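S.K.: Residue numbers for the sequence shown follow this note's numbering, beginning at 5 and rising by one.
Yeah, the Cβ is synthetic: ideal placement off N, Cα and C, and Gly gets one too.
The structure displayed is predicted, hence computed values, not measured ones.
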Amino acid sequence: MPHDEIQRIQSNYRRRLAQTWPLAPGMKILEIGCGQGDMTAILAESVGPAGHITATDIASPDYGAPLTLQQATDLIKATPLGERIDFIFECDLLDPSTSFAENAFDAAILAHCSWYFASVQQLQRTFQALKPWAKHLYFAEWNLNPIQVEQSAHLLAVLIQGQVEAFKASSQANIRNPIPQEHLKRLLEESGWTITQEATPDTSDLQDADWEIQMCLRESAQELETLAIPERAKQMILTQLEILREISQPKGNMPLPAYSLTAERS
Numbered sequence: 005m006p007h008d009e010i011q012r013i014q015s016n017y018r019r020r021l022a023q024t025w026p027l028a029p030g031m032k033i034l035e036i037g038c039g040q041g042d043m044t045a046i047l048a049e050s051v052g053p054a055g056h057i058t059a060t061d062i063a064s065p066d067y068g069a070p071l072t073l074q075q076a077t078d079l080i081k082a083t084p085l086g087e088r089i090d091f092i093f094e095c096d097l098l099d100p101s102t103s104f105a106e107n108a109f110d111a112a113i114l115a116h117c118s119w120y121f122a123s124v125q126q127l128q129r130t131f132q133a134l135k136p137w138a139k140h141l142y143f144a145e146w147n148l149n150p151i152q153v154e155q156s157a158h159l160l161a162v163l164i165q166g167q168v169e170a171f172k173a174s175s176q177a178n179i180r181n182p183i184p185q186e187h188l189k190r191l192l193e194e195s196g197w198t199i200t201q202e203a204t205p206d207t208s209d210l211q212d213a214d215w216e217i218q219m220c221l222r223e224s225a226q227e228l229e230t231l232a233i234p235e236r237a238k239q240m241i242l243t244q245l246e247i248l249r250e251i252s253q254p255k256g257n258m259p260l261p262a263y264s265l266t267a268e269r270s
């Protein structure tokens with residue numbers, strides 16, 4: 005599939021996702037885990053010329069391929085949307101030196117970035133840190149509960165990568181800490197947020213299942229050989245990889261469902 009078509013599909017999904025939240029012209033948004041800015045651009049569209057997006061990511065600006073974060077976001081900054089956006093990389097929201105004014109933002113947004121966090125504890129501390137800065141929190145992530153059997157390959161690829169990551173001291177992997185939806189909701193509530201709305205944006209046309217399955221089959225077995233893993237655990241993961249090879253397709257694997265949440269400070 006041509007890159008432009010993939011980008012169109014991904015952007016349309018993010019528009020569907022944005023429509024599940026009460027975004028409005030003029031809003032000031034703090035985005036966490038902006039990456040290359042795919043969601044950022046859609047948020048900038050949604051808040052209009054009078055709104056503003058402060059888009060943050062803990063990663064270095066030279067992280068990413070084929071375009072680095074800096075290169076990708078420079079392209080967005082060069083568009084008419086650019087004046088509505090500030091990108092801040094190497095931004096650790098848990099660092100005491102990172103601070104914003106109280107109620108500086110109408111909402112904080114984490115869109116498909118929670119699995120990048122190093123631990124559940126780090127994610128929960130981030131939820132807590134956001135409370136003084138934003139009145140509302142909008143969240144989206146993949147749902148680990150398949151609703152069709154064809155989504156099982158995507159789920160297995162995610163779980164295998166999560167198991168491999170559990171044996172690493174540090175990582176920059178896409179999937180480090182997959183969290184079930186109900187667990188995530190409890191984390192929000194324990195962090196002082198009240199969930200007011202839930203939605204299930206359509207993911208059926210996305211390519212993410214293919215990407216995660218291909219990456220898992222290509223890299224996970226090699227990574228196992230470099231890690232200090234008990235032999236029984238290694239063999240269990242290798243067994244799961246073999247099952248993944250058997251149940252997945254070269255292309256056209258069905259992606260997991262996703263969910264979005266709207267929350268307000270308790």
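If you draw a straight line from the alpha carbon of S103 to that of A173, how long is it in whole angstroms?
M.R.: Answer to the nearest angstrom: the Cα atoms are 28 Å apart.
S.K.: Taking 7 Å as the limit between beta carbons, can you name the residues of its chain near S123, skipping five residues before and five after?
M.R.: These residues qualify, in order along the chain: N181.
S.K.: Starting from the C-beta of I46, find all residues in its chain whose C-beta is less than 6 Å away, skip the five residues before and the five after it, and write them out in chain order.
M.R.: Counting only Cβ-Cβ distances below 6 Å, and skipping sequence neighbours, we find R18, R19, A22.
S.K.: Taking the straight line between their C-alpha atoms, what separation do you get for L210 and T204?
M.R.: Taking the straight line from one Cα to the other gives about 14 Å.
S.K.: Find out if the Cβ-Cβ distance for the pair E145, L188 is shorter than 9 Å.
M.R.: Cβ distance < 9 Å, so E145 and L188 count as in contact.
S.K.: Considering only residues of the region 10-55, which uninterrupted alpha helix (DSSP H) runs meet the minimum length of 4 residues and lie entirely inside it, listed in chain order?
M.R.: Runs found: 42-51.
S.K.: As an exercise, report each continuous alpha helix (DSSP H) stretch of at least 4 residues that is fully enclosed by the region 83-111, in chain order.
M.R.: Counting only runs of 4 or more, we get nothing.
S.K.: State buried or exposed for N257, treating a residue as buried only when at least 16 other CB atoms are found within 10 Å of its CB.
M.R.: Classification of N257: buried, given that the 10 Å Cβ count is 16 or more.
S.K.: When DSSP labels each residue in this structure, what does A203 get in the three-state scheme?
M.R.: Here A203 sits in strand by DSSP.
S.K.: State yes or no: is the C-beta of T266 within less than 9 Å of the C-beta of T24?
M.R.: For T266 and T24, yes; Cβs fall inside 9 Å.
S.K.: Please list the terminal residues of the continuous beta strand (DSSP E) segment that includes M269.
M.R.: The residue asked about is misnamed: residue 269 is Arg in this sequence, not Met. Unbroken beta strand (DSSP E) run through R269: 262-269.
S.K.: Determine which residues share a DSSP beta bridge with A144 and list them.
M.R.: A144 is bridged to A115, S264.
S.K.: Given this structure, state the Cα-to-Cα distance separating I113 from A177, to the nearest angstrom.
M.R.: Spanning the two alpha carbons is a distance of roughly 21 Å.
S.K.: Roughly how many whole angstroms lie between the Cα atoms of I89 and E193?
M.R.: If you take the alpha carbons of I89 and E193, they lie about 30 Å apart.
S.K.: Mapping DSSP to helix, strand and coil, what is I183?
M.R.: Correct three-state label for I183: coil.
S.K.: Within the same chain, show all residues whose beta-carbon is closer than 8 Å to that of L245, passing over the 5 residues directly before and after it, in chain order.
M.R.: If we look at L245 and ignore the five residues flanking it on each side, its Cβ neighbours are I164, C220, L221, S224, A225.
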